[in-house]
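Residue numbers (the numbering used here): 2 to 236.
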Ligand code: SF4
């Protein structure tokens with residue numbers, strides 16, 4: 002994973018970085034680009050959501066309500082929609098849960114989690130990419146090997162462009178920005194959950210080297226597909 006030589010924790014430096022992101026988002030809008038964001042409503046999502054609220058509260062913030070999310074996450078998204086005045090839009094899977102069983106009658110997350118993620122996370126977002134020019138999402142290079150390979154701007158399918166403004170931020174910067182702006186934390190974090198996705202595929206904090214190791218624990222899987230499948234291969 003990408004390493005940094007300098008830890009940037011100074012509040013002014015953080016604000017300068019945040020201002021640059023706000024400026025870039027404003028520039029996209031000034032150019033007439035249609036912008037949307039996606040969010041998983043974790044504590045680490047707070048700085049980017051705050052910056053979006055500073056730019057334009059009408060920017061749609063989509064999240065995939067897979068049907069397997071913690072109820073606390075849904076409530077947290079609603080709370081943030083009100084407190085930051087954001088335009089939050091849930092996406093629903095097209096395929097009903099009854100059709101998401103394997104031949105033994107088990108949910109796909111037990112036997113084919115990649116396909117489960119495709120049906121519940123990736124497929125619902127595909128039509129959204131057709132409508133917009135810029136997809137803003139908060140992935141960070143220090144979260145996984147896959148994310149460490151990404152650039153700040155990457156092509157997405159359907160002529161959409163991914164913008165990753167938080168790529169070079171780390172968990173300490175997230176923490177200090179959140180504290181500086183008095184932004185809330187996900188309610189499950191106090192119970193030891195530091196990376197929170199769907200309930201069946203999330204465990205409590207297990208590895209202080211990488212919080213994302215608490216996702217799909219015990220499986221050979223680190224990504225849901227939003228940041229692998231929905232990246233356009235360079236031609
Ligand atoms: S995280 Fe788990 S439950 Fe959620 S869509 Fe992926 S495999 Fe299914």
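Just so it is clear, CB atoms sit at the ideal spot from N, CA and C, and this is done for glycine as well.
Bear in mind the structure is a predicted one, so any value in this text is a computation, not a measurement.
- When distances are taken from the beta-carbon of residue 221 to the heavy atoms of the ligand SF4, even the shortest one reaches 8 Å or more.
- Taken from the Cβ of residue 69, at least one heavy atom of the ligand SF4 lies inside 8 Å.
- Residue 122 places its beta carbon 9 Å or farther from that of residue 40.
- Scanning its chain for C-beta atoms nearer than 7 Å, with the 5 sequence neighbours on each side dropped, one finds no residue around residue 76.
- Residue side-chain check: residue 121 places its Cβ nearer than 8 Å to a non-hydrogen atom of the ligand SF4.
- If the five residues before and after residue 46 are omitted, its C-beta is found closer than 8 Å to the C-beta atoms of 40 and 139, all from its own chain and listed in chain order.
- Within the same chain, Cβ atoms closer than 8 Å to the Cβ of residue 55 are found at 23, the five residues on either side in sequence being excluded.
- Residue range 12-31 is occupied by the alpha helix (DSSP H) that includes residue 17, with no beta strand (DSSP E) assigned at that position.
- Beta-carbon to beta-carbon, residue 164 and residue 137 are separated by about 5 Å, close enough to satisfy the 8 Å threshold.
- Per DSSP, residue 91 is one residue of the beta strand (DSSP E) stretching across 88-92.
- The beta carbon of residue 232 sits closer than 8 Å to the beta carbons of 151, 155, 156, 157 and 163 from its chain, once the five residues preceding and following it are set aside; these are given in chain order.
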